[in-house]
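Counting from 1, position 20 in the sequence shown corresponds to residue 20 in full-length UniProt numbering; the numbering is continuous, with no gaps.
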Amino acid sequence: MQASELEHAAATARSIASSLGLAADEAIVLQDSNKLTLRLLPCDTLARVAPAAQQVAQFEVDLARRLAASGSPVAALDPRVEPRVYERDGFVVTLWTYYEPVSPAEIPPADFAKALRRLHAGMRAVDVPMPHFTERVEQARALLADRARTPALPDADRELLAGTLRDLGRSIAARGGPEQPLHGEPHPGNLLATAEGPLFIDLETCCLGPVEFDLAHAPEAVAGHYPGLGEGLLRDCRSLMLAIITTWRWDRDDQLPDGHRRGREWLAQLRTALAHG
């Protein structure tokens, strides 16, 4: 967010928390990307803030409530307030439990895989409509096709990404293997090391697809502790995942710090993966 918008968003989150009886004199920015994540003090709650027109907060809240109730390893909403989406001044705000980080912050591959398997089991039991992973592929393809939104992307790289998204998106969907609800982006940044064990956050990316699509976002060593994976399917999902996240980095409105540098690094990784595929 721009500085002025960030200040407004933080003030809105503090105002909502205060109206609910939570002392929110200070807002510490923990992350500023597609959503603003704040730690509100002294009530010590975590607020996620997004422009009202660019959010799927209700979906995330509904899913988090059901998964937490089933014992799945997900971060919980703040139990001191009504678990819902709060909207004010053009922003939507959700309030979550704040978990103090524990050491080591890096979760071992075996524990990562165990948490992901538990999450997948919990998601299979939850009846919440969600998009298919191919919708994310089509969104990335549409972004590549719109040169006004991706003006800095070289033509050769645009062609590589578009071809990878088209071919792998179709081939993975055409395999006809088992599919289920997925986290969508279970990378290490979305798995917290807490005193309660590893907990997943950021459920707004959930989608339907093969479990290999989720494993593609996790560190490679995690796959060795998750039984029943298709090696070829996992390899294709990793390349597809790289193409998707690389495409986002060239969006002119991308909020990720140093996005173009990361995009160039991931393009190099994608070329290597395709050459050895």
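We put the CB at the ideal spot given by N, CA and C, even for glycine.
| task | Could you tell me which of P181, A152, Q2 and H132 sits nearest to R170, measuring between CA atoms? | result | On the sequence shown, position 170 is the one that residue 170 refers to. Residue H132 is the option with its Cα nearest to R170.
| task | Can you grab the Cα-Cα spacing for the pair C207 / S103, in whole Å? | result | The residue labelled residue 207 in the question sits at position 207 within the sequence shown. The residue labelled residue 103 in the question sits at position 103 within the sequence shown. In a straight line, the C-alpha of C207 is about 31 angstroms away from that of S103.
| field | Which residues DSSP lists as bridging I28, in chain order | value | Locating residue 28 in the sequence shown gives position 28, counting from the first residue. Paired residue(s): R39.
| query | So what does V207 bridge to, in DSSP terms? | reply | In the sequence shown, counting from the first residue as 1, residue 207 sits at position 207. With the sequence shown as reference, residue 207 is identified as Cys, and Val is not the correct amino acid for it. Paired residues: L182.
| When DSSP labels each residue in this structure, what does W96 get in the three-state scheme? | Numbered from its first residue, the sequence shown carries residue 96 at position 96. Strand.
| query | How long is the line joining the alpha carbons of N34 and S18, rounded to whole angstroms? | reply | For the purposes of this step, residue 34 is taken as the residue at position 34 of the sequence shown. For the purposes of this step, residue 18 is taken as the residue at position 18 of the sequence shown. Going by the C-alpha atoms only, they are around 24 angstroms apart.
| message | Using CA atoms only, rank isn't needed, just tell me which of E5, L40 and A162 is closest to I16. | response | Translated into the one-based positions of the sequence shown, residue 16 becomes position 16. Checked all of E5, L40 and A162; the closest Cα to I16 is L40.
| Do the stretch 174-184 and the stretch 200-215 touch if we need at least three Cβ pairs shorter than 8 angstroms? | yes
| query | How about P73 and R118: do their beta carbons lie closer than 8 angstroms? | reply | Translated into positions along the sequence shown, residue 73 becomes position 73. Translated into positions along the sequence shown, residue 118 becomes position 118. Yes, the Cβ-Cβ distance between P73 and R118 is below 8 angstroms.
| query | Using the rule of at least 16 other Cβ atoms within 10 Å of the residue's Cβ for burial, across every protein chain shown, is D254 buried or exposed? | reply | To locate residue 254, count along the sequence shown from 1; it is residue 254. Classification for D254: buried.
| task | Could you spell out where the alpha helix (DSSP H) holding V49 opens and where it closes? | result | The sequence position of residue 49 within the sequence shown is 49, counting from 1. Per DSSP, V49 belongs to no alpha helix (DSSP H); it is in the beta strand (DSSP E), T45 to P51.
| request: For E265, collect the residues of the same chain with a Cβ closer than 6 angstroms to its Cβ; drop the 5 residues on either side in sequence, then sort them by chain order. | output: Position 265 of the sequence shown holds residue 265. Hits under 6 angstroms: none found.
| request: For A193, name the three-state secondary structure that DSSP assigns. | output: In the sequence shown, counting from the first residue as 1, residue 193 sits at position 193. It is a strand residue.
| said: Measuring alpha carbon to alpha carbon, tell me which residue in V81, P109, V61 and L36 is nearest H225. | reply: Taking the first residue of the sequence shown as 1, we reach residue 225 at position 225. With distances taken between Cα atoms, H225 lies closest to P109.
| Cβ neighbours of A57 in the same chain (closer than 6 angstroms, five flanking residues each side left out) | In the sequence shown, residue 57 corresponds to position 57, counting from 1. Counting only Cβ-Cβ distances below 6 angstroms, and skipping sequence neighbours, we find V85, V92 and T94.
| request: Provide the residue span of the beta strand (DSSP E) that contains R88, from first to last. | output: Indexing the sequence shown from 1 puts residue 88 at position 88. Y86 to R88 is the span of the beta strand (DSSP E), which, as asked, contains R88.
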